[in-house]
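Everything on this sheet refers to the single structure shown next.
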Amino acid sequence: MNLYPPPSPGTLHWLQRILRTPVAAVIPLVGGIAHAVSAVDTTDGRRYALRRWCRPGWQVEDPWFTPANEVAALTALSGTGLPVPEVVAVDPAGEHTDFPALLMTWLPGTMLPSATHRAAAEPPPSTDMLRQLVDAAHVVHAVDGTGVAPWEPYVVLAEARPPAASTRPELWERAIAAGAAVGPPARCTLIHRDYHPGNTLWRDGRLTGIVDWTNASRGTPGYDFGYLRVNLLIAHGQETADALLPLLDDHDPAADLLAFLDMEWEGPHAAPLPVMESYLQRLL
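For the sequence shown, the numbering used here gives the first residue as 7, with consecutive numbering after it.
Have a look at this one:
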């Protein structure tokens with residue numbers, strides 16, 4: 007179900023002016039929870055990806071995750087050889103479009119299941135696929151990331167409380183205290199910040215795209231791996247989450263915990279509490 011309005015006539019005019027060819031179709035894509043993402047097809051057979059910042063209240067909730075931030079991340083990654091989109095055009099304030107907008111090149115492939123888009127029939131990523139995700143993240147983390155937003159937690163641990171339905175509040179209190187005690191990272195680099203299978207594209211077991219760089223930040227590299235692990239937990243279970251560990255030469259337990267505490271603990275995008283709590287206990 008598409009939660010966001012279709013592009014306005016003004017946005018279509020901007021697209022045609024930028025692309026210098028008529029737009030044949032604008033197709034909403036699966037995903038786009040934070041913002042609207044669409045495929046833009048032109049009459050000459052080309053395809054592009056359009057993101058529009060149209061979620062109400064994003065400027066208050068996520069003021070640092072702007073079109074300019076995504077452009078900064080994609081620009082920093084442009085020489086790495088990673089399969090990331092290229093910037094075609096940006097309207098950062100929505101001067102010519104209905105909302106702030108970013109037009110990017112299209113990447114081929116199929117999105118994997120994730121915490122927000124689970125598919126019970128889909129097998130978990132293979133060891134080779136997990137290795138590709140780890141290798142790609144190392145390339146990201148070799149980029150300094152100057153110019154992107156500094157890492158900010160989604161969950162303010164000083165205000166966090168155990169899930170209301172938990173029968174093990176002491177476990178959560180211990181985890182929250184441990185997370186709050188984590189000091190500044192030893193090294194800050196570019197991180198994807200939302201690194202999970204649903205933001206990757208694949209074809210025949212080969213990684214063909216890493217997308218959704220809106221939340222890119224400058225933070226500790228281990229956060230990306232921790233975020234990936236908890237998404238694997240929710241989508242596929244403990245065994246798949248743990249399968250990532252042997253592939254990490256630089257596993258950061260503190261960042262792993264911070265990434266877990268930054269996730270949704272209850273609700274439709276979380277695993278059942280016993281699963282989350284078993285994983286959390288192992289993290290501690």
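From the three backbone atoms N, C-alpha and C, an ideal C-beta is built for every residue, glycine too.
Assigned with DSSP and collapsed to three states, Gly100 falls in coil, not helix or strand. Pairing Pro252 with Leu290, the inter-Cα distance amounts to about 18 Å.
For Trp178, the enclosing alpha helix (DSSP H) starts and ends at Pro175 to Ala186. Going by beta carbons, His41 and Arg53 fall outside the 9 Å limit. Take Leu238, set aside five residues on each side of it, and the residues of its chain with a beta-carbon closer than 6 Å to its own are Thr246 and Ala247, in chain order.
When DSSP states are grouped into helix, strand and coil, Asp47 belongs to the strand group. Ala107 is the residue among Ala107, Arg26 and Thr48 whose C-alpha sits nearest the C-alpha of Ser14. As summarised for the region 195-246, the continuous alpha helix (DSSP H) elements at least 4 residues long and confined to that stretch are 228-242, given in chain order. Straight-line measurement puts the Cα of Pro34 at about 33 Å from the Cα of Asp262.
Between the C-alpha atoms of Thr27 and Val94 there is a straight-line separation of about 14 Å. Residue environment: Trp271 is assigned as buried (16 or more neighbouring CB atoms within 10 Å of its CB, all protein chains considered). Boundaries of the alpha helix (DSSP H) harbouring Ala78: Pro73 to Leu83, taken from the DSSP string.
Look at Met282 here: in three-state DSSP terms it is helix. Between Ile216 and Ala142, the beta carbon gap of about 6 Å places them in contact (Cβ cut-off 8 Å).
A direct Cα-Cα distance of roughly 55 Å separates Ala181 from Asp50. Taking C-beta atoms as the reference points, Asp218 and Val43 count as a pair closer than 9 Å. The way I'd put it, the region 140-160 does touch the region 193-207; three or more beta-carbon pairs between them come closer than 8 Å.
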